[in-house]
Structures are given as structure tokens and as C-alpha cells.
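*Asks:*
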Amino acid sequence: MNSLINNHLYETRNNLLEEIKLLNDTQFNAKPDANSWSIAQVCHHLTLTETTFVRAITWGLKQEDSQPTERKNIHLIADRTKKVPAPEIVEPAEDFFTVQQIIELLDDSRKKLTTILDTIDDPSILAVKSVKHPVFGDLPLDQWVELVYIHEQRHIEQIKEIKTLIKVEN
Numbered sequence: 003m004n005s006l007i008n009n010h011l012y013e014t015r016n017n018l019l020e021e022i023k024l025l026n027d028t029q030f031n032a033k034p035d036a037n038s039w040s041i042a043q044v045c046h047h048l049t050l051t052e053t054t055f056v057r058a059i060t061w062g063l064k065q066e067d068s069q070p071t072e073r074k075n076i077h078l079i080a081d082r083t084k085k086v087p088a089p090e091i092v093e094p095a096e097d098f099f100t101v102q103q104i105i106e107l108l109d110d111s112r113k114k115l116t117t118i119l120d121t122i123d124d125p126s127i128l129a130v131k132s133v134k135h136p137v138f139g140d141l142p143l144d145q146w147v148e149l150v151y152i153h154e155q156r157h158i159e160q161i162k163e164i165k166t167l168i169k170v171e172n
């Protein structure tokens, strides 16, 4: 995989962990209001999303008849003024999560992603094969990988906002 993408994945994940690691479990599960997610739920959503992306990438790699498709402006997903409802498959649980539980889930989903990426002999295949994304339509597999960290960056901003709303001191 492209080292720039690897760096973005690594850096973004470290930023996420910095935002959550000092929270206590009560802060982690506090919701700004009844209709909002807690920081724990945002993080659970990120693990579910990454795991779902791994399944999509794995499936896309196996498709013999996958066609190249046009590249999309996936950076639009970082625009938090545009609300995108989470597909049901990646909606977080209402459970009480500990920070440690979520860190383990985040580690697990990232290991799954890096494992599949490490099995690819020729990374250029990722630009040739595509899978349908719920927001962007047919999306090249390399953009699915990029979307992992762009999506995570979006939610890091959401976590910062939640921390302000629930009055967590930095």
C-alpha cells in the first residue's frame, strides 16, 4: 500500500486515540442530548465502518469482472456541515463501552485492514477494482482505503465537539 496512505491511517488513528485515552468511562458514554451519539458510540461506529470496509475490499479483490470506475471526490465526507445518516450496518450499539474495550475494537479492526492490505502483491489492483459504496456509488478499492482515514478525521472533529458539549476539560 502507498506509504502516504499508511501514514495517514497511522496518524489519524493516533489522533483519535489521543482524543479518547484520557476520558473516564462516564465521559466516554455521555451523550450531549438524547438524539446524539456518545464518544463511545462514535468510536464503535468507526470500528464497525472499518470492519465493513475490510469486507467490501476483500469482496472487491475477489471479483473477476470488476471494472475500473471514475474516481470520486471522497474528501466531501470530511465536510461535517453535510449530515450523512449512518447505514444501519454501521450504527453503533447503545451499550455502555469502556475506553479500553473500544481501543481493543479499534486495534482489531485496524489489524483486519492491514492484514488484507498486506496480502496484496500489486497495490495497483486497488485502483482498477471497485465496489459500490452507499454514498459514492461505485468506488475504486484504493479510495475505500483512503476513506477509512478521511471518515475517521470527520469523526475526530465530532468527538472534539462532543467533548465541548459534555464539558470535558482538555
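Each residue of the sequence shown is one higher than the one before, counting from 3 in my numbering. Backbone N, C-alpha and C define an ideal beta-carbon position, used for all residues, glycine too.
1) What residue ranges within the stretch 82-169 form continuous alpha helix (DSSP H) runs of no fewer than 4 residues, ordered along the chain?
2) Beta-carbon within less than 7 Å of A58's beta-carbon, same chain only, minus the 5 sequence neighbours each way: which residues are those?
3) May I ask you to report which of helix, strand or coil DSSP gives S40?
4) Three-state secondary structure (DSSP) at E66?
5) Whose C-beta lies closer than 7 Å to the C-beta of T54 among residues of the same chain, with five residues either side of it excluded?
6) Can you find the residues in the same chain that come closer than 7 Å, C-beta to C-beta, to E159, ignoring five residues on each side of it along the sequence?
7) Would you mind sorting F99 into buried or exposed? The rule is 16 or more other CB atoms within 10 Å of its CB.
*Replies:* Taking the definition as stated:
1) Scanning the stretch 82-169 for uninterrupted alpha helix (DSSP H) segments of 4 residues or longer gives 101-120, 127-130, 143-167, listed from N- to C-terminal end.
2) So the list reads V133, W146, once near-sequence residues are dropped.
3) Secondary structure of S40 (DSSP, three-state): coil.
4) It is coil, neither helix nor strand.
5) Within the same chain, T54 has close Cβ partners I91, V92.
6) Answer for E159: R82, listed in chain order.
7) Classification of F99: buried, given that the 10 Å Cβ count is 16 or more.
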